[in-house]
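Input: a single structure, listed below in structure tokens.
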Amino acid sequence: MTTTVGIRSKDGVVLAADKRASKGFFVGSKVVQKIFSLDGATAVAIAGAMSDAEYLVNLAKAERRLLALRRGYPLSVKESAKLISNIVYSSMKSYNPFYVELVVAGVDQEGAHVYTSDMSGAITSEDFMSSGSGSPIAYGVLEQGFRKEFSLEEARKLAEAAVRAAMERDPGSGNGVDVLAIPNGHSLEAN
């Protein structure tokens, strides 16, 4: 139970997530990190089982490094999203699924990208995404406020507003918002 948001803007991408980790109706932690950097230009926001999420992020980082070393250049954002979805799909087919939903966002030579991957390994690309138990509420804010010509700062404000709206109604989301912006210049800016 959580709320994550990813938005593509003309200047880069933004990820946002609440900080609450819930165990059913119990608040297990109020300061959980749900946004992880894969490298200086790609990051992932996670909803679902934190143990699965942390394992998956560490595995994806290692696999990305190996692939980059083998071929001599880094993976694109789309290749990173496909790598993660393939790992998730393989685990589902072996009847040991990852209980996660991910928003993968980043910038590369082709521009800014936002992808989502569910626990079946399916990936989709959109201008904005939300995952987790608060996503229906966040989508209401995103649908109402999104514009393709958003600057990175406008996208950051909308992402935070969407997560905050979800925190008002979703008991699985709360305790603040983490926001990460990745500008087209390939460096991470945390807030």
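Taking this note's numbering, the leading residue of the sequence shown gets 6, the next gets one more, and so forth. Beta carbons are placed, not taken as given, at the ideal position from N, Cα and C, and that holds for glycine. Model, not experiment: these values are computed from the prediction.
Ranked by Cα distance from LEU64, the first of ASN91, GLY116 and GLY150 is ASN91. The beta-carbon separation of LEU163 and LEU147, rounded to 7 Å, stays under the 8 Å limit for a contact.
ALA54 sits away from ASP183, with the two beta carbons spaced by 8 Å or more.
Note on geometry: alpha-carbon atoms of ALA46 and ILE187 lie some 6 Å from one another. The alpha-carbon of LEU80 is positioned some 19 Å away from that of GLU131. Here DSSP, grouped into helix, strand and coil, assigns TYR94 to helix. Counting along the chain, SER42 sits inside the beta strand (DSSP E) bounded by residues 40-42. LYS28: member of the beta strand (DSSP E) spanning 26-28, first to last residue. ALA67 sits away from GLY137, with the two beta carbons spaced by 8 Å or more. Per DSSP, GLY45 has no beta bridge partner at all. According to the DSSP secondary-structure assignment, GLY111 is paired through a beta bridge with THR47 and HIS118.
The continuous beta strand (DSSP E) containing SER130 extends over residues 128-130.
Note on geometry: alpha-carbon atoms of GLY126 and VAL62 lie some 14 Å from one another.
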